[in-house]
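Structure first, then comments.
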Amino acid sequence: MLTTPICELLGIEAPIVQGSFGPWSTPELVAAVSEAGALGTIGTGLQSPGAVTAAIRRVRELTSRPFAVNFTARPFTEESFQATLDDSPGIVSFALGDPGDLVVRAHDVGARFVQQVHPVEQAVRAAESGADVIVAQWMEAGGFGGTVAGLALVPQVVDAVAPLPVLAAGGIADGRGVAAALVLGAAGVQLGTRFLASVEAGVDLNWKKRIVDAASEDAIRIEFAETVFPPSPPGWATAPRVLDTPFVDEWNRRRDDAPERADDLRDELMAALREERAHELVPFTGQTAGLIDEILPVAEIVRGLVTEAGAALRAASMRAG
Ligand SMILES: Cc1cc2nc3c(=O)[nH]c(=O)nc-3n(C[C@H](O)[C@H](O)[C@H](O)COP(=O)(O)O)c2cc1C
């Protein structure tokens, strides 16, 4: 058993969170993660308010355990946020911007508020806003990462927001990574890519297979992201990390041309998303792809993370004498 104070705060058995997959989240994955004793997260990005409500209800049919509902500032849909609050969520998480009064609104309905940050300054701001948990997302992460690597970022965020609990996110796919995060002072971890390559994840099988086959170097940043995705706030630069594709390779090379083609590129991405083939253009994936060599059931992933982390912590303490 691997327990930290965040387990009691979030009502979970293991200090492990499955981060949101935005439009690629499915209730089946979220429920499987929560059933395994970790925390599943529903993504709401680019979903209609009705779809968000339906996902929350479906997860509740599948599990009575806690789960989170994630929102991002870019894009943010007020109707979906309010519909979620109306459904009395246990945990709300937020990424890619300042939460403003969303923390108070979540607290007013009795929900815990988890805020993902990239720079340390953003962590301090989130703590001042009243967030209950801070997620420090490293540059190695799948989805949007900042510019600082985990070994440097996590201890700084831990110190800056103490005594608030911090989850380390990005670059973790096995128990050694979980152990390292705890040693850095984190209260737990948030994983994305490892759970994407799970049996229960609802994404295309080819995407999962590419994760299994990929080296870490294949997970690259979209250098032209600021022209096609909603731009980062000043000083809080982020860019999505994806497995390379002809689309990303071409526009990373032609990034100076991207601004004048921004509308076309955005239309191409949205059309691909509607046709459920966005992974052919932008398969969001982190550098842990190099560590993942099997598509596994979620319960096995969670069990492995817990067992290996305990063993890694014991082995490290013996090595240090
Ligand atoms: C396909 C995909 C979609 C993501 N969408 C979101 C999102 O909508 N909101 C969010 O907060 N994080 C999002 N993330 C980040 C993950 O929740 C998680 O924090 C990150 O993947 C952790 O890094 P790792 O992939 O190295 O484990 C996404 C990640 C991936 C891989």
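Following my numbering, the numbering of the sequence shown begins with 1285 at its first residue and continues without gaps.
The beta carbon of each residue, even a glycine, is placed where N, CA and C say it ideally should be.
* Starting from R1603 and walking both ways along the alpha helix (DSSP H), at which residues does that stretch end? -> R1603 -> alpha helix (DSSP H) spans 1582-1603.
* Complete runs of the alpha helix (DSSP H) confined to the region 1421-1486 [at least 4 residues] -> As summarised for the region 1421-1486, the continuous alpha helix (DSSP H) elements at least 4 residues long and confined to that stretch are 1434-1445, 1459-1467, 1477-1480, given in chain order.
* **Q1324 - partner residues in DSSP beta bridges** => Here the sequence assigns Gly to residue 1324, which means Gln is not the residue at that position. Partner residues in the beta bridge of G1324, as assigned by DSSP, are F1351.
* Given G1519 as reference, the closest of I1418, A1339, D1382, V1417 once Cα atoms are compared -> Nearest option by C-alpha distance: D1382.
* Can you grab the Cα-Cα spacing for the pair R1396 / T1325, in whole Å? => Here the C-alpha atom of R1396 lies approximately 13 Å from the C-alpha atom of T1325.
* To do: Compute the minimum distance between the beta carbon of E1424 and the heavy atoms of ligand 1, and state whether it is under 7 Å.
  => With a cut-off of 7 Å, the C-beta of E1424 is classified as near ligand 1, since at least one heavy atom of the ligand falls inside that distance.
* **the region 1500-1513 in contact with the region 1396-1413 per 3-pair CB rule at 8 Å** => Because the criterion of three Cβ pairs below 8 Å is not met, the region 1500-1513 and the region 1396-1413 do not touch.
* To do: Would you give the residue range spanned by the alpha helix (DSSP H) that Q1366 belongs to?
  => Run containing Q1366: 1362-1370, per the alpha helix (DSSP H) assignment.
* Asked: Going by DSSP, which residues form a beta bridge with L1527?
  -> Beta-bridge pairing links L1527 to A1503.
* State the start and end residues of the unbroken alpha helix (DSSP H) segment that holds Q1406. => That run of the alpha helix (DSSP H) goes 1404-1413.
* Asked: By Cβ distance, which residues of its chain are closer than 6 Å to A1542, with the 5 residues on each side in sequence left out?
  -> Here A1542 has F1508, T1511, W1535 as same chain residues with Cβ atoms under 6 Å from its own Cβ, once five neighbours each way along the sequence are excluded.
* Asked: Just checking my contact of A1611 with I1290 at CB under 8 Å: how many whole Å lie between their CB atoms?
  -> Within the shown structure, residues of the chain are numbered from 1285 to 1605, placing residue 1611 beyond reach of any answer.
* **Straight-line gap, T1347 to A1485 (C-alpha atoms, nearest Å)** => One C-alpha to the other measures close to 16 Å.
* Asked: Based on the DSSP secondary-structure assignment, which residues constitute the bridge partners of A1379?
  -> A1379 pairs with T1356.
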